[in-house]
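Single-structure report; data block below.
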Amino acid sequence: MPTLPIRTSAPNVPQIECGSCQQKLPLRLTTHNEPAAVWLCAKCNVPFVACCVREALLKNAQLIRLDERFFDVSGQPDISLSARQQAIKLASRPVNASHLDKRRSERVVQSLVVPAVKLVDGFVPVEEPFQLMVANLSREGIGLIHSEPIDSDYLVIEFSPKSKSPIQVIVHLVRQRELTPPYYELGGEFMVRLGSIATH
């Protein structure tokens, strides 16, 4: 499975400061033809076309969030309840004892559908958003089900996408296994939760 490209040296570009609230955001302007995304200041909702500063994001992810356009799956057919139930049943089959031993906290079975998008270097969304089924949740991570394998190590998913303040989380995919076709189970670790659009 591909990984994010590793930069030999970070571009010497200062972090962006929100002109409205004067907060230094974990974002920077692009250099040359770098891909970028539309990020919002979580406090002011001001948009910026920029790249993430990875180290700053890990410390201050609450200051920014991705624009809702990256989670728009409104033109896609809904995943039926029966398909969700079938996929959850497959994902709930017992796994080997050594795998269970690696789990740090209890997993709670879920049956949710969430929008997601793949991320590349700079945590920039690529390709079209798609729907994932959530099989289980724990404090540290998430079990997901999709109809095909995912060729990216990082995703951003959005919980409660129809609410006024949806929750965006960057997930690091650590494993994939094929279930009964066409389903794949994905195991992910929560990396950071992005900021809430609601002001405080």
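Numbering (the numbering used here), first residue to last: 31 to 230.
Note that beta-carbon positions come from the ideal geometry of N, C-alpha and C, so glycine has one too.
When 155, 110, 62 and 176 are compared against residue 211, the one with the closest alpha-carbon: 176
Residue 164 versus residue 65 - alpha carbon distance: 29 Å
C-alpha gap between residue 79 and residue 143, whole angstroms: 28 Å
Segment contact, 8 Å Cβ cut-off, at least three pairs: the segment 67 to 85 with the segment 139 to 158: Cβ pair count under 8 Å is three or more, so yes.
Contact check, residue 118 vs residue 140, beta carbons under 9 Å: yes
Alpha carbon of residue 76 to alpha carbon of residue 114, nearest angstrom: 37 Å
Contact under 9 Å by Cβ, residue 180 with residue 216: yes
Which listed residue (48, 87 and 101) has its alpha carbon closest to that of residue 18: Any question about residue 18 goes unanswered here, given that the chain covers just 31 to 230.
Inter-residue Cα distance where the pair is residue 192 and residue 98: 11 Å
Cβ separation of residue 86 and residue 116, assumed to be a contact under 8 Å, to the nearest whole Å: That pair is no contact at about 42 Å.
Residue 147 versus residue 120: straight-line alpha-carbon distance, rounded: 24 Å
Option in 226, 197 and 173 with minimal Cα separation from residue 204: It is 173.
4 or more residues per run - each alpha helix (DSSP H) lying fully within the segment 147 to 211: none
Where residue 94 sits in the DSSP three-state scheme: strand
Alpha-carbon to alpha-carbon, residue 60 and residue 47: 14 Å
Cβ neighbours of residue 138 in the same chain (closer than 8 Å, five flanking residues each side left out): Residues of the same chain with a CB within less than 8 Å of the CB of residue 138, apart from the 5 flanking positions on each side, are 166, 167 and 168 in chain order.
Beta-carbon proximity check, residue 200 vs residue 185, cutoff 9 Å: yes
For residue 86, three-class secondary structure by DSSP: helix
Test item: CB-CB of residue 170 and residue 219 under 9 Å: yes
Separation of residue 213 from residue 105, as counted between CA atoms: 22 Å
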